[in-house]
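A short write-up of the structure that comes next.
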Amino acid sequence: MKSKTAKIILAGEGGQGVQTIAKILSTTAADEGFEVSYIPSFGVEQRGSPSIAFLTISQGAICYPRFDKADLAVILQERAIFNVARYIVPETTVIFDSSTVSFDAVRAKRKFGIPATKLASENLALKSLNVLMVGALSRLLDLPAEKTWQTIVSVLSKKFKTEEIKERNHQIFLLGKDFELKEGNFTEATFVPQHGPIKTGGEGKEAIIAPDHCKSCGICIIKCPFGALSFGKKLGLLSSPIPEVDFKKCTACDTCSRFCPDGAIKIKKIIK
Amino acid sequence: MPDKKIFITGNEAAVLGAIDAGAEVMFGYPITPATEILQGWVAKAEENKKLQYLQTEDEIAAGFGVLGVLLGGKKAFTASAGPGHILLQDPLSMAENLRLPFVGIMMQRGGPSTGTVNFSQQEVNLAAFGGNGDGLRIVYSASSVGELYELVIQAFNTAWQYRWPTIVLGDGYLGKTRSTVLLKKPRQLIPAYPILEEKTEPTHLRNCYSSEESFGEVLKKNIADWHKDKPAIVRSESLQTEEAETLIVAHGLVASAAKEAITGLNAKKNKIGLFRPITLNPLDSDALKKAAQKVKKIFIIESALNQLARIIKYELAGSEIEFIEIAKPAEGFTPEEIITRIKQNG
Amino acid sequence: MDNFSPKSWNQKSKPHFFCPGCGHAIALKQLGYAIDDLAIQQKTTIGIDIGCSLLVWDFFNIDTVQTHHGRTTPVMVGYKIAKPQRIALAYTGDGGAYAIGLQSLVHAAFRNNPVTVIVVNNENYAMTGGQLSPTTETGIKTTTSPSGKDLKFGPGFKGPELLHQIANEKSFIARGSISNPVQLKNLLIKAIKNQTDNNSFSFIEILSICPTNWKTDAEQSFERLKEMEKYYPIGEIK
Numbered sequence: 003m004k005s006k007t008a009k010i011i012l013a014g015e016g017g018q019g020v021q022t023i024a025k026i027l028s029t030t031a032a033d034e035g036f037e038v039s040y041i042p043s044f045g046v047e048q049r050g051s052p053s054i055a056f057l058t059i060s061q062g063a064i065c066y067p068r069f070d071k072a073d074l075a076v077i078l079q080e081r082a083i084f085n086v087a088r089y090i091v092p093e094t095t096v097i098f099d100s101s102t103v104s105f106d107a108v109r110a111k112r113k114f115g116i117p118a119t120k121l122a123s124e125n126l127a128l129k130s131l132n133v134l135m136v137g138a139l140s141r142l143l144d145l146p147a148e149k150t151w152q153t154i155v156s157v158l159s160k161k162f163k164t165e166e167i168k169e170r171n172h173q174i175f176l177l178g179k180d181f182e183l184k185e186g187n188f189t190e191a192t193f194v195p196q197h198g199p200i201k202t203g204g205e206g207k208e209a210i211i212a213p214d215h216c217k218s219c220g221i222c223i224i225k226c227p228f229g230a231l232s233f234g235k236k237l238g239l240l241s242s243p244i245p246e247v248d249f250k251k252c253t254a255c256d257t258c259s260r261f262c263p264d265g266a267i268k269i270k271k272i273i274k
Numbered sequence: 005m006p007d008k009k010i011f012i013t014g015n016e017a018a019v020l021g022a023i024d025a026g027a028e029v030m031f032g033y034p035i036t037p038a039t040e041i042l043q044g045w046v047a048k049a050e051e052n053k054k055l056q057y058l059q060t061e062d063e064i065a066a067g068f069g070v071l072g073v074l075l076g077g078k079k080a081f082t083a084s085a086g087p088g089h090i091l092l093q094d095p096l097s098m099a100e101n102l103r104l105p106f107v108g109i110m111m112q113r114g115g116p117s118t119g120t121v122n123f124s125q126q127e128v129n130l131a132a133f134g135g136n137g138d139g140l141r142i143v144y145s146a147s148s149v150g151e152l153y154e155l156v157i158q159a160f161n162t163a164w165q166y167r168w169p170t171i172v173l174g175d176g177y178l179g180k181t182r183s184t185v186l187l188k189k190p191r192q193l194i195p196a197y198p199i200l201e202e203k204t205e206p207t208h209l210r211n212c213y214s215s216e217e218s219f220g221e222v223l224k225k226n227i228a229d230w231h232k233d234k235p236a237i238v239r240s241e242s243l244q245t246e247e248a249e250t251l252i253v254a255h256g257l258v259a260s261a262a263k264e265a266i267t268g269l270n271a272k273k274n275k276i277g278l279f280r281p282i283t284l285n286p287l288d289s290d291a292l293k294k295a296a297q298k299v300k301k302i303f304i305i306e307s308a309l310n311q312l313a314r315i316i317k318y319e320l321a322g323s324e325i326e327f328i329e330i331a332k333p334a335e336g337f338t339p340e341e342i343i344t345r346i347k348q349n350g
Numbered sequence: 094m095d096n097f098s099p100k101s102w103n104q105k106s107k108p109h110f111f112c113p114g115c116g117h118a119i120a121l122k123q124l125g126y127a128i129d130d131l132a133i134q135q136k137t138t139i140g141i142d143i144g145c146s147l148l149v150w151d152f153f154n155i156d157t158v159q160t161h162h163g164r165t166t167p168v169m170v171g172y173k174i175a176k177p178q179r180i181a182l183a184y185t186g187d188g189g190a191y192a193i194g195l196q197s198l199v200h201a202a203f204r205n206n207p208v209t210v211i212v213v214n215n216e217n218y219a220m221t222g223g224q225l226s227p228t229t230e231t232g233i234k235t236t237t238s239p240s241g242k243d244l245k246f247g248p249g250f251k252g253p254e255l256l257h258q259i260a261n262e263k264s265f266i267a268r269g270s271i272s273n274p275v276q277l278k279n280l281l282i283k284a285i286k287n288q289t290d291n292n293s294f295s296f297i298e299i300l301s302i303c304p305t306n307w308k309t310d311a312e313q314s315f316e317r318l319k320e321m322e323k324y325y326p327i328g329e330i331k
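Residue numbers (my numbering), protein chains in the order written: chain C, 3 to 274; chain F, 5 to 350; chain A, 94 to 331.
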């Protein structure tokens with residue numbers, strides 16, 4: 003950390019791990035002897051709204067946990083840009099997940115992309131996104147890598163159920179840490195939610211799935227008496243997978259639609 | 005061995021304060037942003053069988069449960085916010101009448117009604133004057149995570165020494181902020197004792213009186229005690245007020261933002277000082293008057309309409325000072341914003 | 094999204110803010126279909142408690158009022174006095190109904206106030222992060238019962254059974270579950286009809302799931318619900 007105080011704002015979808023990232027970075031910085039302040043921004047909902055964290059790391063006393071201008075802004079989901087735009091000024095460095103946030107959506111003078119979601123899903127799992135980002139940000143904030151990893155281990159110990167999972171997360175952490183952040187243009191954001199109803203059909207049936215409403219809860223999948231539903235590759239509202247239909251097994255019994263909490267699926271027989 | 009800095013939230017600091025103060029029982033009900041105090045206490049009670057708790061059916065039961073424990077001679081407290089703080093006025097009133105050492109930690113949130121769960125300074129009136137009496141309750145306002153810890157311990161000491169219901173005001177931001185702190189452990193603890201004394205000569209406690217005169221006697225005695233105890237209880241902080249011609253008055257977390265703002269306003273050169281009440285009730289009026297001696301203008305900054313302003317203006321009634329109220333109910337002030345607002349008003 | 098969801102649902106507020114897999118939304122779907130079937134959308138007013146139920150405030154194309162925690166029943170009792178021709182629904186959670194709001198609920202049943210109270214029971218205070226509630230069963234871990242709910246805090250609270258003891262004989266009291274949406278809809282219709290046709294109190298508790306605070310996936314959530322149904326009997330309480 004070159005300057006005396008770093009004011010960092012992190013924003014992403016609820017469930018992506020924004021608060022976990024903030025907790026790990028702040029705890030590491032506190033252990034390193036910095037003055038640290040970390041506060042989540044929160045509303046009433048448990049899920050469904052962007053998750054935002056204010057993190058201040060300083061060599062001197064910190065009086066107030068929030069600020070008007072961020073030195074560093076970390077954006078993990080395009081939907082979250084709206085909530086943090088007001089904290090981005092010309093001097094702000096913006097780090098964004100270039101696999102979920104399109105380059106043009108980020109209005110900032112200094113912006114660096116890292117395809118975090120893509121790297122995480124390809125190398126381990128979507129959930130390890132937070133570990134990857136901690137890696138990248140720890141290097142940016144000059145926090146010692148080994149100490150940061152130890153903090154990850156203690157914070158996420160319950161999730162590291164086996165030594166193998168722990169080791170693979172370690173690799174993801176190092177991947178993030180060693181990623182070279184470059185200013186400039188990037189490839190298209192590919193891990194983006196679908197928009198508009200998706201119509202598929204077969205075997206005399208038609209399925210309409212609304213990715214804008216699907217939260218990937220999985221209830222339709224387990225309630226289907228015929229095992230005709232499974233998670234596909236397309237992403238829904240919370241940037242997590244939405245179901246697809248195996249029409250050979252489906253009987254259009256309407257169970258999925260009856261149980262869906264979000265009115266996101268309907269399958270009917272096509273009357274010829 | 006020197007104390008180590010730890011990295012904890014305001015709500016965690018509140019729990020540590022209660023434990024280090026010698027509290028043994030907590031009553032509570034889930035309400036954002038104070039819920040973590042109940043959860044934290046429950047977690048500690050799992051390890052330490054001396055600590056007890058009850059998650060009650062509502063805040064009214066929680067507050068009266070606290071009173072029950074006090075009557076039995078143990079230190080007890082509750083923590084709440086917003087609508088829960090409103091319900092606690094019922095037991096607080098009984099505590100005010102009977103001079104019971106009730107301790108409550110209130111993490112202010114936006115109001116009125118359900119409002120927001122986040123932050124405000126709108127529960128000052130409630131804490132100080134919310135019952136159906138004249139507001140003989142001690143109210144502390146914490147401006148940092150470390151101070152929240154200290155004031156919780158102070159609250160137990162004050163309550164048990166002077167027998168006034170005591171509230172520590174924090175807010176949602178403070179409760180949820182994780183901050184590096186060096187906790188100042190208490191030097192002295194005032195012990196608890198049974199208020200229903202179980203002696204041969206029984207204790208009869210009543211809060212209901214038939215005649216105005218007999219009740220008037222009780223109130224007169226309580227008010228006399230209030231004035232007598234005031235000098236030992238009041239606390240405040242004055243920053244660069246010796247030569248100040250402009251004074252900023254703020255409390256709690258807003259005062260912390262103001263502290264940072266003062267450096268940006270070139271305070272010494274521009275003769276700007278900061279007066280921070282730590283007790284809002286009773287207010288440290290002597291210190292306020294001293295800080296305001298040469299002052300021409302006072303900025304009262306609060307995240308409420310005028311709850312602090314009324315208290316301050318009452319104490320300085322009759323002065324020639326110009327008061328400017330900078331009010332942002334239910335929203336916080338960053339240091340940058342305070343600087344901007346003060347500059348805008350000359 | 095026609096015929097994906099009830100007509101009475103307000104599409105402008107969708108996707109709604111309930112968590113992924115929330116049982117409330119499944120219950121609200123059947124409530125919506127019940128309102129559609131009875132064609133009472135224009136005649137209904139819904140009072141809402143504070144908790145996850147507060148998210149219903151813009152959920153339907155129906156007049157709603159967010160009340161205070163535990164005060165939904167008395168608000169709708171008052172509303173029905175002013176507007177006896179309208180259908181008064183009180184929508185709350187297990188905390189609002191059986192803890193802070195129990196006194197008012199008991200008295201509404203006792204007086205046979207012609208309101209319909211709907212309680213979505215997911216065995217915890219969900220919006221505040223998963224604390225124990227009166228309906229949390231013995232041994233269940235929550236943030237205020239980290240080693241499992243001890244009997245000294247009471248076993249699982251049986252609200253419909255309690256109300257049945259003091260309610261007027263014309264009242265309708267039942268318990269449904271989101272595991273059986275068709276039965277649930279029928280119970281809701283019967284409950285509402287008890288208000289409109291018999292001018293009497295009706296009450297329905299709905300066993301529900303909370304994947305977020307239970308920390309369960311879809312499969313595990315419905316497994317736990319099955320266990321709940323063993324302790325909390327489904328059907329009309331006669």
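Using N, Cα and C, we set each Cβ at its ideal position, and we do this for glycine too.
| Check | Outcome |
| --- | --- |
| Flag this pair as yes or no: are the beta carbons of aspartate 129(A) and proline 99(A) separated by less than 8 Å? | yes |
| Hey, quick one: how far does the beta strand (DSSP E) through arginine 182(F) stretch, first residue to last? | 182 to 185 |
| Verify the CB distance criterion: does isoleucine 35(F) have a CB-CB separation below 8 Å to chain A? | yes |
| Taking the alpha-carbon positions, what's the arginine 280(F) to glutamate 241(F) distance? | 5 Å |
| Round the Cβ separation of isoleucine 237(F) and isoleucine 142(F) to the nearest angstrom and send it over; I've been treating them as touching at under 8 Å. | 6 Å |
| Measuring only between beta-carbons, confirm whether serine 117(F) sits less than 8 Å from chain A. | yes |
| Does the region 307 to 322 of chain A touch the region 215 to 230 of chain C, meaning 3 or more C-beta pairs lie closer than 8 Å? | yes |
| Please confirm whether leucine 147(A) has its beta-carbon closer than 8 Å to some beta-carbon of chain C. | yes |
| How about the region 292 to 301 of chain F and the region 256 to 268 of chain F: do they share at least three Cβ pairs that are nearer than 8 Å? | no |
| Express the C-alpha separation of glycine 186(A) and serine 197(A) in angstroms, rounding to a whole number. | 14 Å |
| Per DSSP, what kind of secondary structure is glycine 188(A) in: helix, strand or coil? | helix |
| Can you check whether the CB of histidine 215(C) is closer than 8 Å to the CB of aspartate 264(C)? | yes |
| If the criterion is Cβ atoms closer than 8 Å, does the pair lysine 298(F) and alanine 254(F) meet it? | no |
| For tyrosine 324(A), does the three-state DSSP call read helix, strand or coil? | helix |
| Alpha carbon to alpha carbon, how far is phenylalanine 11(F) from glutamate 34(C)? Give it in angstroms, no decimals. | 11 Å |
| Going by the DSSP bridge assignment, what does alanine 75(C) pair with across the sheet? | Ile11(C) and Val96(C) |
| Going by beta-carbon coordinates alone, are threonine 7(C) and threonine 58(C) separated by less than 8 Å? | yes |
| Tell me the rounded alpha-carbon separation between leucine 20(F) and phenylalanine 31(F). | 16 Å |
| Assign tryptophan 164(F) to one of two classes, buried (16 or more other C-beta atoms within 10 Å of its C-beta) or exposed (fewer than that). | buried |
| Could you pull the DSSP bridge partners for threonine 13(F) from this structure? | Arg182(F) |
| Quick one: what's got a C-beta closer than 7 Å to methionine 94(A)'s C-beta in the same chain, skipping five residues either side? | Confidence is the limiting factor: at methionine 94(A) the pLDDT is only 42, short of 50, which leaves the residue's position unreliable, though a coordinate-based value still follows. Same-chain partners within the cutoff: Gln104. |
| For leucine 176(C), which of helix, strand or coil comes out of DSSP? | helix |
| Just how far apart, CA to CA, sit serine 183(F) and glutamine 112(F)? | 19 Å |
| So if I threshold CB-CB distances at 8 Å, which residues from the region 67 to 80 of chain C count as touching chain F? | Pro67, Arg68, Phe69, Asp70 and Lys71 |
| Hey, leucine 284(F) and alanine 99(F) are a contact pair by Cβ (cut 8 Å); roughly how many whole angstroms apart? | Leucine 284(F) to alanine 99(F), Cβ: 17 Å. No contact. |
| In the DSSP output, which residue or residues are listed as bridge partners for aspartate 175(F)? | Gln112(F) |
| Check whether the region 265 to 280 of chain A touches the region 294 to 301 of chain A, taking contact to mean three or more Cβ pairs, one atom from each stretch, closer than 8 Å. | yes |
| At least one CB of chain A closer than 8 Å to the CB of arginine 260(C): is that the case? | yes |
| What three-state label does DSSP hand glutamate 324(F) in the structure shown? | coil |
| Start and end of the alpha helix (DSSP H) containing lysine 270(C)? | Careful: lysine 270(C) lies outside any alpha helix (DSSP H), inside the beta strand (DSSP E) at 267 to 271. |
| Relative to the alpha-carbon of serine 123(C), which residue among Cys65(C), Phe105(C), Ile41(C) and Gln18(C) has its alpha-carbon at the smallest distance? | Gln18(C) |
| For the region 55 to 85 of chain F, which residues have a CB atom closer than 8 Å to at least one CB atom of chain C, in sequence order? | none |
| In terms of alpha-carbon separation, which member of Ala118(C), Gln61(C), Ala63(C) and Ser43(C) lies closest to valine 86(C)? | Ser43(C) |
| Work out the CA separation of lysine 225(F) and serine 214(F) for me, nearest whole Å. | 17 Å |
| I want to verify the contact list: residues of chain F whose CB lies under 8 Å from the CB of leucine 225(A), in sequence order. | Gln59 |
| Below 8 Å, how does it come out for the region 160 to 176 of chain A and the region 204 to 219 of chain A: are there three or more Cβ pairs, yes or no? | yes |
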